[in-house]
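Chemist: Could you have a look at this structure, given as structure tokens, before my questions?
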Amino acid sequence: MNTIEDIRARVPALAQTVYGKPLVYLDNAATAQKPVEVIELLNRMNSGINANVHRAMYKLSDEATNLYEGARERVREFINAPARENIIFTSGATAAINLVAQSFCTRYLKSGDSVVVTEDSHHSNIVPWQLACERAGAQLKVLHVDDNGEWRMEELDTLLDERVKIVAAAHISNVLGIINPIEELISKAHALGIPVLIDGAQGIVHSKVDVTALDCDFYAFSAHKVYGETGSGILYGKEALLDAMPPYMGGGDMVGTVTFEKTTYAPLPLKFEAGTPNFIGSAALKPALDFAYEIHNGELGKVVEESEREIVAFMKSALQEMDGAVLYGNVENKIPLFSFNVEGCHPGDIAQILDKMGIAVRTGLMCAEPLMSRFGVTSMVRASFAPYNTLDEAKYFISSLKRVVGMLR
Amino acid sequence: MSIQEVENQIIEEFSIFTDWMDKYEYIIELGKSVPVLEERFKTEENLIKGCQSRVWLGCREEDGKLYFTADSDAIITKGIISLLIRVYNGQTPQAILNSDLSFIEAIGLQENLSPTRANGLLSMIKQIRMYALAFENK
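Just so you know, the protein sequences line up as chains B and U, in that order. Per the numbering used here, the first sequence starts with residue 807, numbered consecutively. Per the numbering used here, the second sequence starts with residue 1090, numbered consecutively.
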């Protein structure tokens, strides 16, 4: 059972047709489709284990809490974090970054300080910092990319100084698909004692993440991009930092004792999990990460790696050979994610016709307007592949694209 | 011709298409044949921004009737715009405000008016109605 078809057979959404055509789903960087194990857990909890976590003394609540905390343990293991205290459940990567931008910056960012972000960042890793800088009277500084989309590491020496309180960087850009040199960034920032947050929304899916080896201070990701449920995500943080940060939201489950004069807070990780969490969605991270682990390790892992290598090679050469096509982020160290434009064709038009051919791609600003501006465009087409996509789908995509371009020109 | 009559005419024209691709070929042709809006009209003031594509819309009044010029950087959007303009051009503000543009759904293009498409069309129709309202009250 070690073929791409075997993986596909476990992901029911892939078997459907749209407009009478087999679905070719190439918007995985936005949301990945779920394997049956995830769907079954969600169903099982919704139908039989729908009880609030951490609060009650009865069987259903115990079961829900065990599944919720079991998922936390699975996340800890998956990213090699030291302890459960490091793993905060959030509603997604955006919420995780906002948590740090609010809570960390309230404590540490002052007037005259600065925050460094990377130009290839998603809006979710730009705007929270912009807001924090506005509140503090601090400055937002940018690490730019070169024409290939790679970080201009030489800029770091002038960007990083004692006024920089945090660096927030994309592990893998959602537009360019380039695996960024975060190790080097982290070590340069740490040399000056500056903490680093990594937006791992794409990174968690396509690379082996070991937060201990990376030594990053925060790592954020969403569950729904890694085969889990929407509305769930993770903030990994170093314990000393999380301890020093004030709570982000107040509410139930995050408190020690409450009086009207003074409230004490629950220990980590619950200090940052105010209110009833999305315990069903978060519990589903366990089967989701089990699935992710399985398809990237062992014999199956080799099959997936080979398939992805073939897809990347095919897509790169097909887009390079296509008349008038420009592929952004065309570098060696790249995940199977391809953002491009074709001269004389608007991305929106391309996507709209591809849709009728059964192909789902993303177009538009892709929540990365500064990066679009950097490349002088207002829109791109993005085809992002998951391990369950096949080379045949890539070929169908390219032949369909050629037909569409013929229609539009 | 009334708005409804033009709409019926368009529905009739589209009824010959059984395949999606043919329908799109036709809309693309319409998009290509729309007179291109002069650059001087493509002002920030006339621009309607969507995430996916941009639309420019201008309006003038003559003898109590409204005339629109528009453009888009996306050809399918432009083709649909040409249909909208065909329906609305030379109509009174009152008639425009009373119209419901049911032809869009009848020819199967309703998803293009969905807010999630963010292609500027929905905002453009809103803007046309705003013009109609402004001229009606003049």
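All C-beta atoms, glycine included, are put in the ideal place defined by N, C-alpha and C. If you're wondering where the values come from, they're calculated on a predicted model, not measured in any experiment.
What are the residues in the stretch 1105 to 1138 of chain U lying within 8 Å of chain B by C-beta distance?
Modeler: Under the 8 Å Cβ criterion, the stretch 1105 to 1138 of chain U contributes TRP1109, MET1110, TYR1113, GLU1114 and ILE1117.
Chemist: If you count every other CB in all the chains shown that lies within 10 Å of the CB of B:LYS1014, and 16 or more means buried, which is it?
Modeler: In the first sequence, the residue the question calls residue 1014 of chain B occupies position 208. The residue in question, B:LYS1014, is exposed, as its Cβ has fewer than 16 Cβ neighbours within 10 Å.
Chemist: Within 10 angstroms of its Cβ, does B:VAL1137 collect 16 or more other Cβ (buried), or is it exposed?
Modeler: Taking the first sequence and counting its residues from 1, the one referred to as residue 1137 of chain B is at position 331. So B:VAL1137 counts as exposed.
Chemist: In the stretch 1144 to 1156 of chain B, which residues sit with their C-beta less than 7 Å from some C-beta in chain U, listed in chain order?
Modeler: Within the stretch 1144 to 1156 of chain B, the qualifying residues are HIS1152, GLY1154 and ASP1155.
Chemist: Hey, would you say B:ARG861 sits closer than 8 Å to B:SER853, going by beta carbons?
Modeler: Taking the first sequence and counting its residues from 1, one reaches residue 861 of chain B at position 55. Taking the first sequence and counting its residues from 1, one reaches residue 853 of chain B at position 47. It is not a contact, given that the beta carbons lie outside the stated cut-off.
Chemist: List, in chain order, every chain U residue whose beta-carbon is nearer than 8 Å to that of B:TYR825.
Modeler: Your numbering for residue 825 of chain B matches position 19 in the first sequence. The answer, in chain order, is TRP1109.
Chemist: Check the C-beta distance from U:ILE1174 over to U:GLY1120 and give it rounded, since I have them as a contact under 8 Å.
Modeler: The count along the second sequence starts at 1 and reaches residue 1174 of chain U at position 85. The count along the second sequence starts at 1 and reaches residue 1120 of chain U at position 31. Their Cβ separation, rounded to whole angstroms, is 12 Å, which puts U:ILE1174 and U:GLY1120 out of contact at 8 Å.
Chemist: Rank B:ALA1157, B:PHE1024, B:ARG1180 and B:VAL1183 by C-alpha distance to the C-alpha of B:PHE1203 and give the top, closest one.
Modeler: Within the first sequence, residue 1203 of chain B is the residue found at index 397, counting from 1. When each option's Cα is compared against that of B:PHE1203, the closest is B:ALA1157.
Chemist: For B:GLN1008, count neighbouring Cβ atoms within 10 angstroms of its own Cβ and tell me buried if that reaches 16, exposed if not.
Modeler: Counting from one through the first sequence, the residue named residue 1008 of chain B turns up at place 202. Per the 10 Å Cβ criterion, buried.
Chemist: Under 8 Å, Cβ to Cβ, is there at least one residue of chain U near B:LEU1214?
Modeler: In the first sequence, residue 1214 of chain B corresponds to position 408, counting from 1. Yes, because at least one Cβ of chain U sits closer than 8 Å to the Cβ of B:LEU1214.
Chemist: Whole angstroms are fine: how far does the CA of U:LEU1126 sit from the CA of U:MET1219?
Modeler: Position 130 of the second sequence, counting from 1, holds the residue named residue 1219 of chain U. Position 37 of the second sequence, counting from 1, holds the residue named residue 1126 of chain U. Approximately 21 Å, taken between the alpha carbons.
Chemist: Around the C-beta of B:ARG1115, are 16 or more other C-beta atoms found within 10 angstroms, so that it is buried, or is it exposed?
Modeler: Within the first sequence, residue 1115 of chain B is the residue found at index 309, counting from 1. Its Cβ having fewer than 16 others within 10 Å, B:ARG1115 is exposed.
Chemist: Are the beta-carbon atoms belonging to B:ASP1021 and B:VAL981 less than 8 Å from one another?
Modeler: On the first sequence, position 215 is the one that residue 1021 of chain B refers to. On the first sequence, position 175 is the one that residue 981 of chain B refers to. In this structure, B:VAL981 does not lie closer than 8 Å to B:ASP1021 by Cβ.
Chemist: Determine whether the Cβ of U:SER1171 lies closer than 8 Å to any Cβ atom of chain B.
Modeler: Reading the second sequence from its first residue, position 82 is the one you call residue 1171 of chain U. Not one chain B Cβ lies under 8 Å of U:SER1171.
Chemist: According to a CB-to-CB cut-off of less than 9 Å, which residues of the stretch 924 to 956 of chain B neighbour chain U?
Modeler: The residues in question: there are none.
Chemist: Check whether chain B comes within 8 Å of U:GLN1199, counting only Cβ atoms and requiring the distance to be less than that.
Modeler: As a first step, residue 1199 of chain U is located in the second sequence; it is residue number 110 there, counting from the start. Answer no: the Cβ-Cβ gap between U:GLN1199 and chain B never drops below 8 Å.
Chemist: U:PRO1182 to U:ASP1152, Cα distance in whole Å?
Modeler: As a position in the second sequence, residue 1182 of chain U is number 93, starting the count at 1. As a position in the second sequence, residue 1152 of chain U is number 63, starting the count at 1. Straight-line Cα distance between these residues: approximately 11 Å.
Chemist: Does DSSP classify U:VAL1176 as helix, strand or coil?
Modeler: Counted from its first residue, the second sequence places residue 1176 of chain U at position 87. Reduced to three states, the DSSP call for U:VAL1176 is helix.
Chemist: Rounded to a whole number of angstroms, what is the C-alpha to C-alpha distance between B:SER1218 and B:ALA1046?
Modeler: Examination of residue 1218 of chain B is not possible in this model, given that chain B is present from 807 through 1215 alone.
Chemist: In or out: U:MET1213 buried (at least 16 other Cβ within 10 Å) or exposed?
Modeler: Position 124 of the second sequence, counted from the first residue, corresponds to residue 1213 of chain U. So U:MET1213 ends up on the buried side.
Chemist: Name the two residues that bound the continuous alpha helix (DSSP H) containing U:ASP1111.
Modeler: Taking the first residue of the second sequence as position 1, residue 1111 of chain U is located at position 22. 1109 to 1122 is the span of the alpha helix (DSSP H), which, as asked, contains U:ASP1111.
Chemist: The stretch 1162 to 1184 of chain B: which residues have C-beta closer than 8 Å to a C-beta of chain U, in chain order?
Modeler: Of all residues in the stretch 1162 to 1184 of chain B, LYS1162, THR1169, GLY1170, LEU1171 and THR1184 have a Cβ within less than 8 Å of some Cβ in chain U.
Chemist: Could you tell me which chain U residues have their CB closer than 9 Å to the CB of B:ILE1101, listed as they occur along the chain?
Modeler: Residue mapping note: residue 1101 of chain B aligns to position 295 of the first sequence, counting from 1. Result: empty, since nearest Cβ-Cβ is about 30 Å, beyond 9 Å.
Chemist: Are B:ILE781 and B:PHE1027 closer than 8 Å when you measure CB to CB?
Modeler: This structure cannot speak to residue 781 of chain B, because chain B is shown only from 807 to 1215.
Chemist: What residue from B:PHE884, B:ASN931, B:PRO828 and B:LEU1160 has the CA that sits closest to B:ALA901's CA?
Modeler: The residue you call residue 901 of chain B lines up with position 95 of the first sequence. With distances taken between Cα atoms, B:ALA901 lies closest to B:ASN931.
Chemist: With a cut-off of 8 Å, does the C-beta of B:ILE1159 fall near any C-beta of chain U?
Modeler: Residue 1159 of chain B sits at position 353 when you count from the first residue of the first sequence. Answer yes: the Cβ-Cβ gap between B:ILE1159 and chain U drops below 8 Å somewhere.
Chemist: For a contact meaning CB atoms closer than 7 Å, what does U:ASN1208 contact in chain B?
Modeler: The sequence position of residue 1208 of chain U within the second sequence is 119, counting from 1. Within chain B, the residues near U:ASN1208 are GLY1154.
Chemist: Taking Cβ positions, are U:ILE1092 and U:PHE1157 nearer each other than 8 Å?
Modeler: Start at 1 with the first residue of the second sequence, and residue 1092 of chain U comes out as number 3. Start at 1 with the first residue of the second sequence, and residue 1157 of chain U comes out as number 68. Not closer than 8 Å, so no.
Chemist: Taking just the CA atoms, how far does U:GLN1180 sit from B:ALA1119?
Modeler: One-based indexing of the first sequence puts residue 1119 of chain B at position 313. One-based indexing of the second sequence puts residue 1180 of chain U at position 91. Each residue's alpha carbon lies about 55 Å from the other.
Chemist: Give the DSSP-derived three-state secondary structure of U:ASN1187 in the structure shown.
Modeler: The count along the second sequence starts at 1 and reaches residue 1187 of chain U at position 98. If DSSP states are grouped into helix, strand and coil, U:ASN1187 belongs with the helices.
Chemist: Would U:ILE1196 pass as a contact of U:ILE1099 if the rule is Cβ separation under 8 Å?
Modeler: Within the second sequence, residue 1196 of chain U is the residue found at index 107, counting from 1. Within the second sequence, residue 1099 of chain U is the residue found at index 10, counting from 1. The answer is yes: Cβ separation under 8 Å.
Chemist: By the 10 Å Cβ neighbour count, where 16 or more other Cβ atoms means buried, how is B:HIS950 classified, buried or exposed?
Modeler: Locating residue 950 of chain B in the first sequence gives position 144, counting from the first residue. That one is exposed.
Chemist: Strictly below 7 Å CB to CB, what residues from chain B border U:GLN1093?
Modeler: For the purposes of this step, residue 1093 of chain U is taken as the residue at position 4 of the second sequence. In chain order: nothing, as chain B lies at least about 28 Å away.
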